[in-house]
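full-length UniProt numbering puts the first residue of the sequence shown at 1, with every later residue one more than the last. Backbone N, C-alpha and C define an ideal beta-carbon position, used for all residues, glycine too. Taking it in order: structure first as structure tokens, then the write-up.
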Amino acid sequence: MLPRLSDVPQTSAVVLDFLQALDSQNFGGDIAKTYSERLSMATDNSVYQLLPEAILYPKDTNDVTLIAKLANLPKFNTLSFTPRGGGTGTNGQALNKNIIVDLSRYMNKILHFDENAKKVTVQAGIVKDELNAFLKPYGLFFSPELSTSNRATIGGMINTDASGQGSLRYGKTSDHTLGLKVVLINGEELETKAIKCENFEQNLSEFSPTCKHLHLEIFNRCKQKREQILKDLPQLNRFLTGYDLKNVFNDDESEFNLTRIITGSEGTLAFVAEATLNLLPIPNFRTLINVKYRSFDAALRNAPFMVSANALSVETVDSKVLNLAKSDIVWHSVRELLSEEKEPILGLNIVEFAGDNDSVINAKVSELCQKLDTKILQNEDGIIGYQVCKDLASILKIYAMRKKAVGLLGKTKGDTKPLAFVEDTCVPPENLADYIAEFRKLLDGYGVSYGMFGHVDAGVLHVRPALNLYDKEQVKLFRQISDSMAELTAKYGGLLWGEHGKGIRSCYAEKFFTPELWSELRYVKFLFDPTNRLNPGKICTPQDSADELYDILSSMRADSDRLIPEQTRAQYKGALECNGNGLCFNFDADSAMCPSMKVMRSRLHSPKGRAGIVREWLTLLSKNGVNPESLDFRTATPSLSDLAQKFTNTIGKWQGKYDFSHEVKDAMDTCLACKACASQCPIKIDVASFRSKFFYFYHSRYLREPKDYVVANLESVAPFLAKKPEFFNAITNMKFIQTLAEKTIGMTALPSLSEPNLKDELGQNYEKMLDELETLSKDELKDMIFIVQDPFTSYYDAKVVADFVRLCAGMGFKPVLLPFKPNGKAQHIKGFLRQFARTAKNAADMLSRIAKLEVPLVGVDPAIVLCYRDEYAEILGENLGKFHVLTAHEWLKTSVKSENFISVKNGLNFKNSAKWHLFPHCTEQTEMPNSPKEWQEIFTAFNQELSVESVGCCGMAGVFGHEVKNQKISKEIYDSSWGAKLKLRDVSRCLVTGYSCRSQVARFEGVKPKHPVQALASLF
1 MLPRLSDVPQ TSAVVLDFLQ ALDSQNFGGD IAKTYSERLS MATDNSVYQL LPEAILYPKD
61 TNDVTLIAKL ANLPKFNTLS FTPRGGGTGT NGQALNKNII VDLSRYMNKI LHFDENAKKV
121 TVQAGIVKDE LNAFLKPYGL FFSPELSTSN RATIGGMINT DASGQGSLRY GKTSDHTLGL
181 KVVLINGEEL ETKAIKCENF EQNLSEFSPT CKHLHLEIFN RCKQKREQIL KDLPQLNRFL
241 TGYDLKNVFN DDESEFNLTR IITGSEGTLA FVAEATLNLL PIPNFRTLIN VKYRSFDAAL
301 RNAPFMVSAN ALSVETVDSK VLNLAKSDIV WHSVRELLSE EKEPILGLNI VEFAGDNDSV
361 INAKVSELCQ KLDTKILQNE DGIIGYQVCK DLASILKIYA MRKKAVGLLG KTKGDTKPLA
421 FVEDTCVPPE NLADYIAEFR KLLDGYGVSY GMFGHVDAGV LHVRPALNLY DKEQVKLFRQ
481 ISDSMAELTA KYGGLLWGEH GKGIRSCYAE KFFTPELWSE LRYVKFLFDP TNRLNPGKIC
541 TPQDSADELY DILSSMRADS DRLIPEQTRA QYKGALECNG NGLCFNFDAD SAMCPSMKVM
601 RSRLHSPKGR AGIVREWLTL LSKNGVNPES LDFRTATPSL SDLAQKFTNT IGKWQGKYDF
661 SHEVKDAMDT CLACKACASQ CPIKIDVASF RSKFFYFYHS RYLREPKDYV VANLESVAPF
721 LAKKPEFFNA ITNMKFIQTL AEKTIGMTAL PSLSEPNLKD ELGQNYEKML DELETLSKDE
781 LKDMIFIVQD PFTSYYDAKV VADFVRLCAG MGFKPVLLPF KPNGKAQHIK GFLRQFARTA
841 KNAADMLSRI AKLEVPLVGV DPAIVLCYRD EYAEILGENL GKFHVLTAHE WLKTSVKSEN
901 FISVKNGLNF KNSAKWHLFP HCTEQTEMPN SPKEWQEIFT AFNQELSVES VGCCGMAGVF
961 GHEVKNQKIS KEIYDSSWGA KLKLRDVSRC LVTGYSCRSQ VARFEGVKPK HPVQALASLF
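Set out below in structure tokens:
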């Protein structure tokens, strides 16, 4: 039995006092101090892990002001704070061992929008894609374009002065930030804006003495040292100083704007609360040319030629990234746009032209294409071909693949992973090819592999050397490479951080500045934060301060993970391999990725958060001497004597005895096990997998709730209940029974058995025993289809199965229902892994036996069918057997081309009825990304029009929506996507593939939608 985990780092007494005082002063936001919540803010997309003391989630600017003012009381003047947005940094910018102030949970509103002036004022926590979704109907957008745009907050972009694709035209975030509302460490609010330089001091009359002093000091010093600043700072498109001394003045030096000092400051000067941004028109016309090369070096060296074509942007991707993309779900969308007919693509330049004049763009595209044709004909520059994309959908697909490259680089087998630590170096574009050649020589000399992609138009390249930080010798190599790259980049007139900010790499900052300019940066820090209380250890320290910056080998995630035995890391690799890229922080309601994260707006309740706390759970177990064998359910040996101990432990839990495992359990309970993370995450972090293992071991120590046993055994009792559905439904529908179920087992909205049941629905014997089927000849088996029953459709939605039988028969096939065998998915979800292994083995044996007849095996519910492929493969391994169950659409997409159907179709006239609308199951659309399109093709074969609705999770997810404690989350998830889309449709024309999804719709809309096979069956 696993031990109780109570020895965890505690929040200091002074911080606890501060949190209590904050709460007593009517702080409107949330205060988080549990170990699991602190862990969720201890990592970003870097190699570092710094555990904060607490996290504050302010509701508005007043809350931020309250934090700062309270912190200025003498008893709290030792406390420090770090502002945080999306937490997408690759260098630990928002990590620290202090109090984190996260502005993303609540401060994410659009405050004012002026369409005519093309300006918008927003709170710092709004995500870039959310803002642009609001602006799109007005033909406007906020640039620049980031690879993390679906989770990067505006405040985070401002603090890192983020840039990205198209920066030659769109510049950096600071180029579009007109003014800021910030809160200083003394609690004062400061609103920055452009101020006329003429009569400058008189123009500051509206400011407080502190804010006036800040303006005057920086104005005078930057004016005095203007010539030196312009001469000594590297002339780079992506030059990030931390505090932008150069651009505090506009081009003609008629205006001064303190905004420029704060953008790029990484939270070291003030809390950014609000921002006023200028907006750009969305280009009416866009064209992409994907230029393919036989080597990455050829793509790099050809990049200046592309830049000279006066394009919006030139992006480069190497063969390693492309090969990773080919193994990912994203490749399905770009395969036709990046064809490899002659040679494999080993380098790619993505060249975009955009603007409002189509003829001008077409002329530029034609000119470049003609030049490319000549080069291909003359076999020059290593170009093997190119493809042009003019439609927006194709362009977005290419960029989606390019964006995912950041995460894809982390998808490698083994402990050696490409790491972000020298991955956004910037040099003048004309030096890039030679710089990269020397860069590659340096890395090759260290014997490390790496992947590359980047913005060659701006001289920025993303390079991630692969290291194994579990190996302490490779940690030393981490420093050696960092030191060497700082020297090399300075040699080529570049910068170590051309896009992703300094963070913990600030320790190299002094190398890139003259002593005089470095002193100026420290003076700016002193003016804003004299006692070094805002994100200390980053950018620089205050003038005359003895404090130090973080070392490049500061606390790393691997320092903790290294304590976990290698065998355990292999068993829980889904949790260990999360690299923190944050793609699961996706607030798009119509995206399937992590529905709980969307509605709870908590990083803890995300795949990244759950992976992090499971890693810590494993670390704590290792510290307590738990060996790897004890964490493998196949070798763990629970005994009857454990039962008494479980009672004792559970009583202790009720009495409030601390165990970190309870915090892990709480985070796992909000996971819907929808498995979107298993395909949508670039690293394929399958939370459902390690969640079930955690549940298994958690309940080896603590008693289960009764509902777990009800859920786990539902499949076994369903066939018995379905024999008398009227009787059992009458009992289930009694109000006092429903109340009893809610109060005693925590289940609500219990499903009704199908009336009539499947046997009565079909009216004849379609079900056959295996022995009978095995005696049939090949001729008798010809045109048969074996329908694999699942408990949900067969017993609770029988008409779907019956209609599928009728559809198969109508298409000229001979459908046969196989004997029902429990699938066990619910057992897996609840962590009954031993029972699930037995259930899976029984079902796999039957399916392997029947598969020998070489008749298609087809299941109606996609979640159950996919369980045979995923959970069965994981649990049974080599004992899986040989069988393959098709989903209904997989069978139909080939069957509509069969002679059987063609002959039937020729004799019937399928009338083109009103349009159908498909609402796909979330697991189906993420694990089988082509399924919506294939459903459309199937309907076209029946002369029917089918549109596909873009929806996320419905909020039911098997039994999740039936549990009383999940009702609020389930309803919010449903309303955010499904509910909103269904309000626009006639539910009778809406088709839903998942049983749980149909149940959820019926629950909230009062109408149960059809499965697509039912719509097709109705045509006969």
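DSSP, reduced to helix, strand and coil, places leucine 280 within a strand of the structure shown. In this structure, alanine 420 sits away from arginine 479, with a CB-CB distance that is not shorter than 8 Å.
Judged by DSSP secondary structure, phenylalanine 836 falls within the alpha helix (DSSP H) whose first and last residues are 833 to 851. In its chain, beyond the 5 residues on either side, Phe804, Val858, Val860, Val1013 have a beta carbon closer than 7 Å to the beta carbon of alanine 888. If you ignore the 5 residues before and after glutamate 188, its C-beta comes within less than 7 Å of the C-beta of Ser208, Thr210, Cys211, all in its own chain and listed in chain order.
Note that the C-beta distance between cysteine 671 and arginine 691 is below 8 Å. In this structure, the straight-line span from the alpha carbon of lysine 915 to that of valine 948 is close to 11 Å.
With respect to the 8 Å criterion, glutamate 352 and arginine 301 are not classified as neighbours on the basis of their beta carbons. Within the stretch 202 to 256, the complete alpha helix (DSSP H) runs of at least 4 residues fall at 209 to 224, 226 to 232. With the rule of 3 Cβ pairs closer than 8 Å, the stretch 550 to 561 counts as touching the stretch 612 to 631. Phenylalanine 939 has its alpha-carbon roughly 40 Å from the corresponding atom of lysine 965.
With the rule of 3 Cβ pairs closer than 8 Å, the stretch 281 to 295 does not count as touching the stretch 427 to 442.
For glutamate 767, the three-state secondary structure derived from DSSP is strand.
The shortest CA-to-CA distance from glutamine 543 to any of Pro565, Glu516, Arg562 is the one to Glu516. The three-state secondary structure of arginine 634, taken from DSSP, is coil.
Of all alpha-carbon atoms in Gly812, Leu245, Asp779, Phe820, the one lying nearest the alpha-carbon of threonine 793 is that of Phe820. The stretch 782 to 791 and the stretch 799 to 818 touch, with three or more beta-carbon pairs separated by less than 8 Å. Under the three-state reduction of DSSP output, lysine 364 falls in the helix class. Ranking Asn91, Leu534, Ser622 by CA distance to the CA of glutamate 566 puts Ser622 first.
In this structure, the beta-carbon distance from tyrosine 386 to leucine 372 falls below 8 Å. In the three-state reduction of the DSSP assignment, methionine 556 falls in the strand class, which pools E and B. Of all C-beta pairs linking the stretch 33 to 43 to the stretch 662 to 670, three or more are shorter than 8 Å, placing the two stretches in contact. Taking a C-beta distance under 8 Å as the contact criterion, tyrosine 550 and glycine 537 qualify as a contact pair.
By the beta-carbon neighbour count (other beta carbons within 10 angstroms, threshold 16), leucine 95 is buried. For isoleucine 864, there is no enclosing beta strand (DSSP E); the enclosing alpha helix (DSSP H) has its first and last residue at 862 to 869.
Residue Val314 holds the alpha-carbon nearest to the alpha-carbon of alanine 303 among Cys674, Met597, Val314.
About 4 Å separates the Cβ atoms of lysine 1008 and alanine 1002, confirming a contact at the 8 Å cut-off.
When DSSP states are grouped into helix, strand and coil, histidine 112 belongs to the strand group. Of all C-beta pairs linking the stretch 580 to 597 to the stretch 137 to 154, three or more are shorter than 8 Å, placing the two stretches in contact. Under the three-pair Cβ rule at 8 Å, the stretch 754 to 765 counts as touching the stretch 714 to 731. Beyond the five residues adjoining it in sequence on each side, glutamate 510 comes within less than 7 Å, by CB distance, of Trp518 in the same chain, given in chain order. Between phenylalanine 883 and alanine 840, the CB-CB gap reaches or exceeds 8 Å.
Taking C-alpha positions only, lysine 181 is separated from valine 15 by approximately 27 Å. Secondary structure at lysine 623: helix, using DSSP grouped into helix, strand and coil. Looking at the backbone, the Cα of glutamine 645 and that of arginine 4 are separated by about 12 Å. Judged by DSSP secondary structure, isoleucine 785 falls within the beta strand (DSSP E) whose first and last residues are 784 to 788.
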